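J.: In this note's numbering, the protein residues as written are 1098 to 1311.
Yeah, the Cβ is synthetic: ideal placement off N, Cα and C, and Gly gets one too.
This one's a predicted model, so the numbers in the text were calculated from it and none came from an experiment.
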Amino acid sequence: APGRQKHVAMEDVRIRADDRGARAEFGEVLDWIDPGTGQSLLRERREIRLYRSVRGGATALEWKTTLSLPEGKASAVLSGAHYHGLGLRFVRSMDKDGRFFNADGTEGTVFRGSERLVKSRWCAYMAAADGKEVTVAMFDDPNNPRHPAIWFVMDDPFAYMSATLNLHVEPLTVQAERPLSLRYGVVVWDGRMEEERIERAYRRWVSPRAENAN
1098 APGRQKHVAM EDVRIRADDR GARAEFGEVL DWIDPGTGQS LLRERREIRL YRSVRGGATA
1158 LEWKTTLSLP EGKASAVLSG AHYHGLGLRF VRSMDKDGRF FNADGTEGTV FRGSERLVKS
1218 RWCAYMAAAD GKEVTVAMFD DPNNPRHPAI WFVMDDPFAY MSATLNLHVE PLTVQAERPL
1278 SLRYGVVVWD GRMEEERIER AYRRWVSPRA ENAN
């Protein structure tokens, strides 16, 4: 049986708006539960921030998570499939005739079928959502372990992208004295965005002002 994530608490729910745009944020505490014993294997503190920039015309989401160990546990090993990570499942109308691209302009390596793995600081997907073109980019923070991320992308049987830690090749050990912290960004624009525009947004996001991404 698979494990599960158990909600523990919500924290710091805030909404604000000003002349720069709107912002909403919240924190959530979860326990990762062993399906066999019912015990907590990891505790996660997740922080989500959503920005709507008036100046840049973009919507940006920041996802931060910290994994720590419960008291009495010395370490835990993260492993998984080649697609395990923070993933984006696009709406069905974006499943066909889209284009994946990344900061380095590389195609990566074929894993199987249409599935590719590519290493880069950001990865993007451009497609039509209900007939209207949109661009979605996902950013990997330079402070994340194993930066730049290994991106998993595919468009068959549906369009999907995830930022992975390459766990299928190299499992990652979380130590009690060193919690694992990860930060990712997702920015959505109407229309086609070229690599230069996305790179500028990425460089601004690397600084702590994601609400100004454009």
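Based on the DSSP output, what are the partners of residue 1117 in its beta bridges?
T.: In the sequence shown, counting from the first residue as 1, residue 1117 sits at position 20. Bridge partners of residue 1117: none, in fact.
J.: Could you tell me if residue 1237 is buried or exposed, where buried requires 16 or more neighbouring beta carbons within 10 angstroms of its beta carbon?
T.: As a first step, residue 1237 must be located in the sequence shown, where it is residue number 140. Answer is buried; the Cβ neighbour count reaches 16.
J.: So which of 1178, 1122, 1102, 1103 has the shortest CA-CA distance to residue 1111?
T.: Looking up residue 1111 in the sequence shown gives position 14. The shortest C-alpha separation from residue 1111 is found at 1122.
J.: Please determine, among 1259, 1125, 1245, 1223, the residue with the shortest C-alpha to C-alpha distance to residue 1290.
T.: Translated into the one-based positions of the sequence shown, residue 1290 becomes position 193. Looking at the Cα atoms, 1223 is the closest of the given residues.
J.: If I follow the unbroken alpha helix (DSSP H) through residue 1213, where does it start and stop?
T.: Along the sequence shown, one-based indexing puts residue 1213 at 116. Residue 1213 -> not in any alpha helix (DSSP H); beta strand (DSSP E) instead, spanning 1212-1216.
J.: Just curious, the beta strand (DSSP E) that residue 1274 is in, first and last residue?
T.: What you label residue 1274 is simply residue 177 of the sequence shown in a count that begins at 1. Counting along the chain, residue 1274 falls outside any beta strand (DSSP E), and DSSP gives it neither H nor E.
J.: Among 1212, 1130, 1138, which has the Cα closest to the Cα of residue 1171?
T.: For the purposes of this step, residue 1171 is taken as residue 74 along the sequence shown, with counting starting at 1. Selected option, being the one with the closest Cα: 1138.
J.: On the CB-based measure, 16 or more other CB atoms within 10 Å of its CB, does residue 1259 come out buried or exposed?
T.: Residue numbering aside, residue 1259 sits at position 162 when the sequence shown is read from its first letter. Burial call: buried.
J.: How big is the Cα-Cα spacing for residue 1136 and residue 1130?
T.: Looking up residue 1136 in the sequence shown gives position 39. Looking up residue 1130 in the sequence shown gives position 33. Whole-angstrom Cα-Cα distance: 6 Å.
J.: What's the C-alpha gap between residue 1288 and residue 1199?
T.: Your numbering for residue 1288 matches position 191 in the sequence shown. Your numbering for residue 1199 matches position 102 in the sequence shown. Going from the Cα of residue 1288 to the Cα of residue 1199 covers about 17 Å.
J.: Alpha carbon to alpha carbon, how far is residue 1179 from residue 1194? Give it in angstroms, no decimals.
T.: For the purposes of this step, residue 1194 is identified with residue 97 of the sequence shown, where counting begins at 1. For the purposes of this step, residue 1179 is identified with residue 82 of the sequence shown, where counting begins at 1. Using only the alpha carbons, I get a separation of about 24 Å.
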